[in-house]
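Visitor:
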Amino acid sequence: MRDRLKKSGFIITIILITCVMMILIYANRNMPDTRFIDTHAQLTSNEFVSLFDDNNQPQIQGLVDKAIEVRGVLKKITLKEGRYSLLLTSNLKDRYVLCKMQINQNPNVVELAPGQNVIVKGIFKGVLLDAILLNCIIIDDNDL
Numbered sequence: 488m489r490d491r492l493k494k495s496g497f498i499i500t501i502i503l504i505t506c507v508m509m510i511l512i513y514a515n516r517n518m519p520d521t522r523f524i525d526t527h528a529q530l531t532s533n534e535f536v537s538l539f540d541d542n543n544q545p546q547i548q549g550l551v552d553k554a555i556e557v558r559g560v561l562k563k564i565t566l567k568e569g570r571y572s573l574l575l576t577s578n579l580k581d582r583y584v585l586c587k588m589q590i591n592q593n594p595n596v597v598e599l600a601p602g603q604n605v606i607v608k609g610i611f612k613g614v615l616l617d618a619i620l621l622n623c624i625i626i627d628d629n630d631l
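Everything in the sequence shown is counted per our numbering, starting at 488 for the first residue and increasing by one.
(1) Below 8 Å, how does it come out for the segment 522-532 and the segment 564-572: are there three or more Cβ pairs, yes or no?
(2) State the DSSP-derived secondary structure class of VAL507, mapped to helix, strand or coil.
(3) Sorted by chain position, which residues of the same chain lie with C-beta nearer than 8 Å to LYS603's C-beta, five sequence neighbours on each side aside?
(4) Spatial neighbours of GLN592 within its chain, please: C-beta separation below 8 Å, excluding the five flanking residues on both sides.
(5) For ILE547, which of ASP627, LEU616, LEU621 and LYS612 has the nearest alpha-carbon?
(6) Give me, in chain order, the residues of the same chain whose beta-carbon lies closer than 8 Å to that of SER577; leave out the 5 immediate sequence neighbours on both sides.
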């Protein structure tokens with residue numbers, strides 16, 4: 488019985504991971520260059536993440552597929568298949584903003600370090616556990 492439960496749990500986990508990957512791949516195809524898209528909203532990572540409760544669903548739906556600028560503290564930088572991702576912290580435990588960067592941003596990302604304040608602009612795709620921004624670019628404070 489325990490073996491059957493372990494196998495079922497493993498299979499469900501694999502299915503969920505596959506679904507998340509498929510969503511990210513689907514959402515990231517043929518995305519326009521974010522540098523040339525008008526910004527729809529400017530928020531801190533705390534403000535952005537705090538929107539994701541049941542009371543703000545209409546407001547969140549209005550942000551999907553729009554360019555959002557988010558200012559926050561960099562928690563982690565990862566590199567996978569030649570593309571960087573940034574994880575920005577929030578004041579809610581285990582809630583982050585995940586920014587999958589445009590490839591042309593790689594030279595800018597290598598200059599960043601965890602703990603640094605950053606401003607990113609990306610296309611908001613939705614929320615799983617974290618808010619997901621795709622095709623992100625780094626916004627220089629001098630550009631504001």
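The C-beta atom is built at its ideal place from N, Cα and C for all residues, glycine as well. In this text the structure is predicted, and so the values were computed from the model without any measurement.
Guide: Walking through what the data contain:
(1) Look at the beta carbons and you see the segment 522-532 not touching the segment 564-572: under three pairs across the two are nearer than 8 Å.
(2) Translated into the one-based positions of the sequence shown, residue 507 becomes position 20. If DSSP states are grouped into helix, strand and coil, VAL507 belongs with the helices.
(3) Locating residue 603 in the sequence shown gives position 116, where the first residue counts as 1. Per the sequence shown, the amino acid found at residue 603 is Gln instead of Lys. VAL560 and LEU561.
(4) Position 105 of the sequence shown holds residue 592. Contacts found: TYR571, CYS623, ILE624 and ILE625.
(5) Position 60 of the sequence shown, counted from the start, is the residue given in the question as residue 547. If we check each option's Cα against that of ILE547, LYS612 comes out closest.
(6) For the purposes of this step, residue 577 is taken as residue 90 along the sequence shown, with counting starting at 1. Within the same chain, SER577 has close Cβ partners SER532, ASN533, PHE535, VAL536, SER537, GLY559, TYR583 and VAL584.
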